[in-house]
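4 protein chains.
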Amino acid sequence: MSVIEVGDNRYGKEAIRLVRLIRGAERHAVRDLTVSIALEGDFDASYADGDNALVIATDTMKNTVYAFAADGLDGRDGVDGSIEAFGRRLAEHFASFGQVDRATVRLREHRWAPIETGPGPATDAFARDGSWTRIATVSAGGDSAGGGSAGGGSVGSIAIEAGIEDLSVMKTAKSSFAGFPRDEYTTLAEAADRIMATQVSARWRYAIPDIDHDALFEAVRRTFLEVFAEHDSPSVQASIWIVGRAILERHPELAEITLTMPNLHHWAVDLRPFGLDNRGEVFVPTREPYGLIEATVRRV
Amino acid sequence: MSVIEVGDNRYGKEAIRLVRLIRGAERHAVRDLTVSIALEGDFDASYADGDNALVIATDTMKNTVYAFAADGLDGRDGVDGSIEAFGRRLAEHFASFGQVDRATVRLREHRWAPIETGPGPATDAFARDGSWTRIATVSAGGDSAGGGSAGGGSVGSIAIEAGIEDLSVMKTAKSSFAGFPRDEYTTLAEAADRIMATQVSARWRYAIPDIDHDALFEAVRRTFLEVFAEHDSPSVQASIWIVGRAILERHPELAEITLTMPNLHHWAVDLRPFGLDNRGEVFVPTREPYGLIEATVRRV
Amino acid sequence: MSVIEVGDNRYGKEAIRLVRLIRGAERHAVRDLTVSIALEGDFDASYADGDNALVIATDTMKNTVYAFAADGLDGRDGVDGSIEAFGRRLAEHFASFGQVDRATVRLREHRWAPIETGPGPATDAFARDGSWTRIATVSAGGDSAGGGSAGGGSVGSIAIEAGIEDLSVMKTAKSSFAGFPRDEYTTLAEAADRIMATQVSARWRYAIPDIDHDALFEAVRRTFLEVFAEHDSPSVQASIWIVGRAILERHPELAEITLTMPNLHHWAVDLRPFGLDNRGEVFVPTREPYGLIEATVRRV
Amino acid sequence: MSVIEVGDNRYGKEAIRLVRLIRGAERHAVRDLTVSIALEGDFDASYADGDNALVIATDTMKNTVYAFAADGLDGRDGVDGSIEAFGRRLAEHFASFGQVDRATVRLREHRWAPIETGPGPATDAFARDGSWTRIATVSAGGDSAGGGSAGGGSVGSIAIEAGIEDLSVMKTAKSSFAGFPRDEYTTLAEAADRIMATQVSARWRYAIPDIDHDALFEAVRRTFLEVFAEHDSPSVQASIWIVGRAILERHPELAEITLTMPNLHHWAVDLRPFGLDNRGEVFVPTREPYGLIEATVRRV
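Residue numbers (our numbering), protein chains in the order written: chain A, 10 to 309; chain B, 10 to 309; chain C, 10 to 309; chain D, 10 to 309.
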């Protein structure tokens with residue numbers, strides 16, 4: 010007779026929505042975050058025995074995020090206001106519970122920019138810029154020797170991942186796809202000149218601990234865009250390599266980067282039935298199916 | 010015994026996706042549209058008799074959009090490249106069929122901006138700007154005396170509506186809500202200082218026929234943002250009036266504007282259980298339920 | 010100099026989510042609704058003067074829905090538990106405010122069915138049935154002679170619309186599309202046998218005031234499905250007519266029905282490049298573009 | 010100077026939509042699938058050298074799915090018509106390419122049921138049943154010694170995972186949450202009787218290779234529902250354990266099951282301001298934030 014047991018498990022709170030308004034002397038600033046918390050650790054009794062004595066309520070996690078936001082995220086007194094720093098503080102808090110082996114905090118920042126008015130940027134009115142989303146994941150290792158309250162255990166290793174999502178880009182030249190093998194199911198024509206469109210998701214790890222997260226995020230984003238715009242692409246795979254390698258070369262702080270690039274196909278419309286030529290000008294952009302290419306580029 | 014008949018009816022093609030690449034001598038430009046077509050007219054036989062003799066296939070509508078895109082939307086030779094002009098050409102085409110009483114074309118333009126690189130804006134690489142969407146609706150009246158082919162009938166009145174959607178804005182000061190009546194179901198506290206956040210949808214009609222659609226759209230958008238940022242708001246209703254009136258005052262070309270503003274509530278978090286004060290700094294942004302305020306402001 | 014004024018306007022609360030648990034002696038029942046409220050009336054001062062004295066707060070609307078749910082929706086004591094009856098009670102409440110000319114309540118009911126277990130249906134556990142959504146819209150006319158409190162005005166005409174949404178159906182035989190006109194932009198082949206798939210939205214009005222809403226809804230839904238399954242369809246238009254007419258014929262309580270049917274195209278895949286025949290067996294279902302056909306069938 | 014290289018990578022085609030119509034002698038049947046393919050293997054040259062010689066085009070993957078659907082999925086001649094069997098055939102095909110180390114096929118089946126009519130179930134008309142989605146993931150190991158064409162390599166290990174998604178269930182009794190630790194950020198009250206609502210995602214592996222996939226899927230689904238309905242739940246964690254263990258106990262074919270259960274909170278509305286008691290009858294169902302609990306229950 011086999012024995013049945015609890016295996017890998019985690020729990021937490023997802024989709025905690027938070028707007029932190031920073032009331033500066035001269036102007037307001039808005040931080041708009043979605044935060045998720047997940048814990049792993051000594052929680053088997055909550056499964057197998059229905060014993061909640063060590064189960065930090067997910068409602069408490071939510072409260073903690075709001076409480077920490079009260080004196081965080083404002084960058085005052087030279088304190089790091091990045092989502093990475095906020096996530097680290099939360100991860101370390103939850104990892105300090107004795108029953109927690111690992112606390113993982115995922116953050117997404119939705120961007121608001123001051124509205125441009127005649128006299129300059131508004132001090133207290135903002136427009137949402139939906140062009141991309143900055144993300145971060147921070148996890149802190151705990152020490153499960155301790156008891157059931159914060160501070161009962163010590164906090165161990167910290168892992169920080171930064172990234173960007175929801176960034177849609179398109180190349181209308183310098184993109185081809187040819188030389189691929191042809192089998193009995195292959196009908197795709199070779200393309201010397203095609204549109205390449207993608208909605209990028211990038212995540213990277215830093216090789217060194219103490220960095221300026223805001224500055225590096227912005228630098229990596231710019232490098233991505235610049236190299237994406239300038240390079241010649243023989244495939245999405247090659248684009249990932251060219252862009253990823255350039256990012257690692259220009260930013261020695263990064264240890265590795267993982268790029269996920271859906272290939273959002275743009276099919277040229279056949280206009281010949283209407284007596285027209287399509288000289289690479291009229292396309293149907295499609296959502297499904299799509300290619301999906303994902304790779305890590307790393308420093309050895 | 011009652012008689013049963015077909016009443017109001019319309020049909021057409023929705024969600025025609027189109028990317029038009031304009032291959033300029035020095036740089037490319039991208040037009041990314043979603044187009045919908047709807048026809049009203051002499052279609053009773055298709056319902057009551059199953060007779061398709063006058064039913065322009067919706068697949069044909071789609072083909073027509075792509076064919077017209079081949080020599081449209083590029084603004085070449087001083088031709089109007091606006092979505093309003095493209096929509097008008099399509100609406101007049103379909104209205105010219107004898108069996109069509111009214112052809113309505115709705116258009117949404119998704120924005121792509123050249124990627125900024127060191128040497129300047131890229132000539133053939135673009136990033137999606139999801140901050141707002143320009144929309145237009147063009148309808149053309151037909152003359153149902155004619156037969157079943159394009160050109161068989163004449164085209165009558167044209168109605169053009171322009172607009173913007175997906176524009177999220179927020180005021181973090183100069184917004185209040187007080188003085189409302191209290192009944193047995195009222196628990197909302199009066200707010201002298203609240204966050205007002207909304208995702209605006211605006212649609213307007215022009216009073217005069219021949220205008221520069223691109224320039225006016227941009228001017229109206231700027232006025233909206235500027236007045237939204239600067240005004241004092243005692244309610245979303247009053248904001249619609251103040252912003253709408255300012256737009257009509259500054260842009261005499263407009264006959265009326267309809268503004269739809271969901272009130273996306275931001276609730277201040279009660280931090281007192283955690284021994285903290287919330288001085289208007291920590292909020293939960295919410296998606297549901299939401300207020301919805303819609304009004305037309307018009308010139309008499 | 011032109012005068013600028015407020016034109017048509019309305020405001021209210023959208024997306025009020027409500028679960029009403031009915032704790033019966035032997036078994037529970039779950040009502041899961043999304044409710045929206047919209048008011049029209051004497052609200053010009055809230056726009057033009059920023060005067061909220063007559064503005065019933067949308068937060069109060071939400072509270073009212075929850076308060077009314079406490080002793081409604083349970084069908085106890087022979088009281089009508091339908092969404093139509095609940096909507097009517099809410100509409101009449103808001104229409105009784107003196108400043109309200111018309112109160113409109115829209116309701117959607119999300120379905121939960123008892124889980125089947127060995128001993129029979131569970132008494133207190135439910136599974137969501139996402140196959141369709143029942144909807145209703147109830148509006149009550151007010152009498153704007155009165156003052157600013159509930160009961161201050163009298164309630165006038167009531168209009169009730171019932172309906173169904175999110176119902177996806179497909180015919181794999183007895184569907185064709187032929188005999189349509191061909192112009193220079195027509196490439197669609199005539200189809201003697203095609204898949205017709207649609208996601209129906211239907212809304213109907215009753216000719217008589219006092220009916221059993223639950224029973225009639227169910228009867229209309231069954232007629233729709235039965236006639237949809239059995240009829241021969243030469244077009245989506247004809248299907249709307251055949252189904253709509255049958256519903257009016259079989260259910261004399263209905264005055265008219267409006268059917269909206271997107272045509273969700275299923276394209277047969279060309280398998281000849283792979284040495285295979287496609288005998289109407291392998292299709293690509295598509296989401297965009299899609300045909301959209303909408304018509305009212307009514308009793309004269 | 011550090012060296013930069015390609016690390017983990019995979020590519021493929023996502024969201025291949027397929028409807029397979031089975032034209033039986035007496036009645037039709039509809040299979041509606043979304044299929045995704047992902048390959049890992051000897052693809053470094055496509056990244057680092059822009060060499061596509063070994064890159065099976067994702068368009069070819071799509072074609073292969075449609076071609077294989079022509080003589081699959083119909084269950085004719087006693088052949089297994091399950092998505093697991095279809096996925097396996099596809100995975101083995103792609104794994105047989107010499108450059109492929111692992112081919113992974115993910116499948117989702119969208120359900121259509123014959124419409125009930127007076128004379129019985131329709132033979133050629135169907136309604137979508139959106140109550141849950143069956144899923145499967147099949148991966149096949151390849152042997153990268155071979156060349157660049159199908160059949161050039163041999164196929165190795167097969168891993169099959171079955172599962173269910175989009176299944177929303179709710180318990181209105183026998184659910185509590187108490188005994189959890191309280192810290193300075195805890196405000197949640199203990200609940201002896203609460204609504205527990207979740208949208209389950211379950212994935213399981215079989216311990217033995219040759220099974221009746223359709224029968225076992227249905228048996229596991231029924232056990233899930235039955236135990237979910239009947240058990241007493243002191244927490245979502247305990248529910249996962251109780252349900253997961255029961256599934257493993259009753260179905261010895263399963264080696265392990267992973268259950269993901271968001272806790273979709275239903276908050277009791279405070280009706281006291283309106284002079285009403287809420288005796289566990291009026292709730293606000295919420296979408297965000299939500300708890301998320303995930304665990305594997307396995308046989309040792």
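For glycine and all other residues, C-beta sits at the position ideal for the given N, C-alpha and C. Bear in mind the structure is a predicted one, so any value in this text is a computation, not a measurement.
query: From A/GLY165 to A/ASP133, what does the alpha carbon distance come to, in whole angstroms?
result: Indexing the first sequence from 1 puts residue 165 of chain A at position 156. Indexing the first sequence from 1 puts residue 133 of chain A at position 124. Their backbone Cα atoms lie some 41 Å apart in a straight line.
- prompt: Grouping DSSP H, G and I as helix and E and B as strand, with all else coil, what is D/SER91?
  reply: As a position in the fourth sequence, residue 91 of chain D is number 82, starting the count at 1. The answer is coil: DSSP assigns D/SER91 none of H, G, I, E or B.
message: Can you give me the C-alpha to C-alpha distance between C/PRO123 and B/TYR299, rounded to a whole angstrom?
response: The sequence position of residue 123 of chain C within the third sequence is 114, counting from 1. The sequence position of residue 299 of chain B within the second sequence is 290, counting from 1. So the two alpha carbons sit approximately 31 Å from each other.
query: Under 8 Å between C-beta atoms, does C/ASN272 make it to chain G?
result: Reference to chain G is not applicable here, since the protein chains of this structure are A, B, C and D.
- prompt: Taking only beta-carbon atoms, is A/PHE103 less than 8 Å away from chain D?
  reply: Residue numbering aside, residue 103 of chain A sits at position 94 when the first sequence is read from its first letter. Chain D, which has no Cβ nearer than 8 Å to the Cβ of A/PHE103, makes this no.
message: Would you say A/ASP192 lies against chain B (beta-carbon separation less than 8 Å)?
response: Stepping through the first sequence from its first residue, residue 192 of chain A is reached at position 183. False, the Cβ-Cβ gap to chain B never drops below 8 Å.
- request: Take the Cβ of A/GLU303 as the centre, count every other Cβ of all protein chains shown within 10 Å, and call the residue buried at 16 or more, exposed below.
  value: On the first sequence, residue 303 of chain A is found 294 positions in, with the first residue counted as 1. It counts as buried.
- prompt: Does the stretch 255-271 of chain A come within contact of the stretch 283-291 of chain C, defined as at least 3 CB pairs closer than 8 Å?
  reply: no
message: Suppose the cutoff is 7 Å on Cβ atoms and the five residues either side in sequence are ignored; what does the same chain contact list for A/ILE276 look like?
response: Against the first sequence, residue 276 of chain A aligns to sequence position 267. According to the sequence as given, residue 276 of chain A is Trp; it is not Ile. For A/TRP276, where only same-chain residues beyond five positions count, the Cβ hits under 7 Å are PHE292, VAL293 and THR295.
task: Report all residues from its chain with a CB closer than 7 Å to the CB of A/ALA79; omit the five preceding and five following residues, and keep chain order.
output: Here residue 79 of chain A refers to the residue found at position 70 of the first sequence. Excluding positions up to five away in sequence, the list is empty.
task: Could you work out which residues of chain C lie near D/HIS275, taking near to mean beta carbons separated by less than 7 Å?
output: Your numbering for residue 275 of chain D matches position 266 in the fourth sequence. The contacting residues are VAL28.
- request: Excluding the 5 residues preceding and the 5 following C/TYR215 in the sequence, name in chain order all residues of the same chain whose CB lies nearer than 8 Å to its CB.
  value: Taking the first residue of the third sequence as 1, we reach residue 215 of chain C at position 206. Taken in chain order, the residues that qualify are ILE169, ALA171, LEU225, GLU262, LEU263 and ALA264.
field: Beta-ladder partner(s) of A/LYS71, from DSSP
entry: In the first sequence, the residue the question calls residue 71 of chain A occupies position 62. According to DSSP, which records beta bridges pairwise, A/LYS71 is partnered with nothing at all.
message: Strictly under 8 Å for the Cβ-Cβ distance: is A/PHE283 near chain C by that measure?
response: In the first sequence, residue 283 of chain A corresponds to position 274, counting from 1. For A/PHE283, the answer is yes, since a Cβ of chain C falls inside 8 Å of its Cβ.
message: Just to confirm the assignment: which complete beta strand (DSSP E) runs, minimum length 3, are found wholly within the stretch 106-194 of chain B?
response: 109-126, 129-150 and 167-180
Reference D/ARG26, options A/HIS240, A/GLU297, A/VAL109 and A/THR305, closest by Cα: Looking up residue 26 of chain D in the fourth sequence gives position 17. Of the candidates A/HIS240, A/GLU297, A/VAL109 and A/THR305, the one whose C-alpha sits nearest the C-alpha of D/ARG26 is A/GLU297.
message: Under 9 Å, CB to CB, which of the residues in the stretch 163-181 of chain B have a partner in chain A?
response: ASP175, LEU176, SER177, VAL178, MET179, LYS180 and THR181
query: Using the beta-carbon count (16 or more within 10 Å), is D/ALA154 buried or exposed?
result: Sequence index remark: in the fourth sequence, residue 154 of chain D carries index 145 (1-based). The pLDDT assigned to D/ALA154 is 48, lower than 50, so where the model puts this residue is not dependable, and the model offers no usable value.
Among B/ALA247, B/HIS274 and B/GLU258, nearest to C/HIS61 - alpha-carbon criterion: Residue numbering aside, residue 61 of chain C sits at position 52 when the third sequence is read from its first letter. Checking the sequence shown, residue 61 of chain C turns out to be Asn, not His. Checked all of B/ALA247, B/HIS274 and B/GLU258; the closest Cα to C/ASN61 is B/ALA247.
query: How about A/TYR215: is its C-beta nearer than 8 Å to some C-beta of chain D?
result: Position 206 of the first sequence, counted from the first residue, corresponds to residue 215 of chain A. No, its Cβ sits nowhere closer than 8 Å to a Cβ of chain D.
- prompt: When DSSP builds the beta bridges, which residues end up paired with B/HIS275?
  reply: Indexing the second sequence from 1 puts residue 275 of chain B at position 266. The partner list for B/HIS275 (beta bridge, DSSP) reads B/PRO294.
message: Check whether the stretch 29-48 of chain A and the stretch 217-233 of chain D are in contact - that is, three or more C-beta pairs closer than 8 Å.
response: no
message: Taking a contact to mean a Cβ-Cβ separation below 8 Å, would you say A/ILE116 touches A/GLY96 in this structure?
response: For this step, residue 116 of chain A is matched to residue 107 along the first sequence. For this step, residue 96 of chain A is matched to residue 87 along the first sequence. Reading off the sequence shown, one finds Leu at residue 116 of chain A, where the question assumed Ile. In contact: A/LEU116 and A/GLY96 (Cβ atoms closer than 8 Å).
- prompt: Just the Cα atoms here: how many angstroms apart are A/ALA24 and C/ALA57?
  reply: What you label residue 24 of chain A is simply residue 15 of the first sequence in a count that begins at 1. What you label residue 57 of chain C is simply residue 48 of the third sequence in a count that begins at 1. The straight-line gap from Cα to Cα measures roughly 39 Å.
query: Taking 8 Å as the CB-CB limit, is C/ILE92 close to chain B?
result: Locating residue 92 of chain C in the third sequence gives position 83, counting from the first residue. It does not; no Cβ of chain B falls within 8 Å.
- request: Please go through the same chain and pick out, in chain order, the residues whose beta-carbon is closer than 8 Å to the beta-carbon of D/VAL278, but skip the five residues on each side of it.
  value: Locating residue 278 of chain D in the fourth sequence gives position 269, counting from the first residue. So the list reads ASN287, VAL291, PHE292 and VAL293, once near-sequence residues are dropped.
message: Given a cut-off of 8 Å on the beta-carbon distance, is the pair D/ILE144 and D/GLU125 in contact?
response: Looking up residue 144 of chain D in the fourth sequence gives position 135. Looking up residue 125 of chain D in the fourth sequence gives position 116. No, these two residues do not count as a Cβ contact at 8 Å.
message: Assuming contact is defined by CB atoms lying nearer than 8 Å, are A/ARG111 and A/GLY151 in contact in what I supplied?
response: The residue you call residue 111 of chain A lines up with position 102 of the first sequence. The residue you call residue 151 of chain A lines up with position 142 of the first sequence. A contact, by the Cβ cut-off of 8 Å.
task: Could you check the C-alpha separation between A/ILE251 and A/GLN208 for me, to the nearest Å?
output: Stepping through the first sequence from its first residue, residue 251 of chain A is reached at position 242. Stepping through the first sequence from its first residue, residue 208 of chain A is reached at position 199. Answer to the nearest angstrom: the Cα atoms are 17 Å apart.
message: Contact defined as beta carbons within less than 8 Å: I believe D/ALA76 pairs with A/TYR20. What is the distance between those atoms, to the nearest angstrom?
response: Taking the first residue of the fourth sequence as 1, we reach residue 76 of chain D at position 67. Taking the first residue of the first sequence as 1, we reach residue 20 of chain A at position 11. At roughly 44 Å, the Cβ-Cβ gap does not stay under 8 Å, so D/ALA76 and A/TYR20 are not in contact.
message: Taking the beta carbon of B/SER55 as the centre, do at least 16 other beta carbons fall within 10 Å, making it buried, or is it exposed?
response: What you label residue 55 of chain B is simply residue 46 of the second sequence in a count that begins at 1. With 16 or more Cβ atoms within 10 Å of its Cβ, B/SER55 is classed as buried.
message: Nearer than 7 Å: is that true of the beta carbon of C/ILE204 relative to any heavy atom of the ligand NAP?
response: Judged by which ligands are present, the structure shown has none, so any question about the ligand NAP falls away.
query: What distance in whole Å lies between the Cβ atoms of A/LYS71 and A/SER45, which are believed to be in contact at a cut-off of 8 Å?
result: In the first sequence, residue 45 of chain A corresponds to position 36, counting from 1. In the first sequence, residue 71 of chain A corresponds to position 62, counting from 1. No, A/SER45 and A/LYS71 are not in contact; Cβ-Cβ is about 10 Å, not under 8 Å.
message: Is it buried or exposed, D/ASP219, if we count other Cβ atoms within 10 angstroms and call 16 or more buried?
response: In the fourth sequence, residue 219 of chain D corresponds to position 210, counting from 1. D/ASP219 should be labelled exposed.
task: Tell whether a beta-carbon distance below 8 Å holds between A/ILE13 and D/ARG308.
output: Taking the first sequence and counting its residues from 1, one reaches residue 13 of chain A at position 4. Taking the fourth sequence and counting its residues from 1, one reaches residue 308 of chain D at position 299. In contact: A/ILE13 and D/ARG308 (Cβ atoms closer than 8 Å).
field: Closer than 8 Å to chain D by CB, B/ARG146
entry: The sequence position of residue 146 of chain B within the second sequence is 137, counting from 1. According to the sequence as given, residue 146 of chain B is Thr; it is not Arg. Output row for B/THR146: interface = no.
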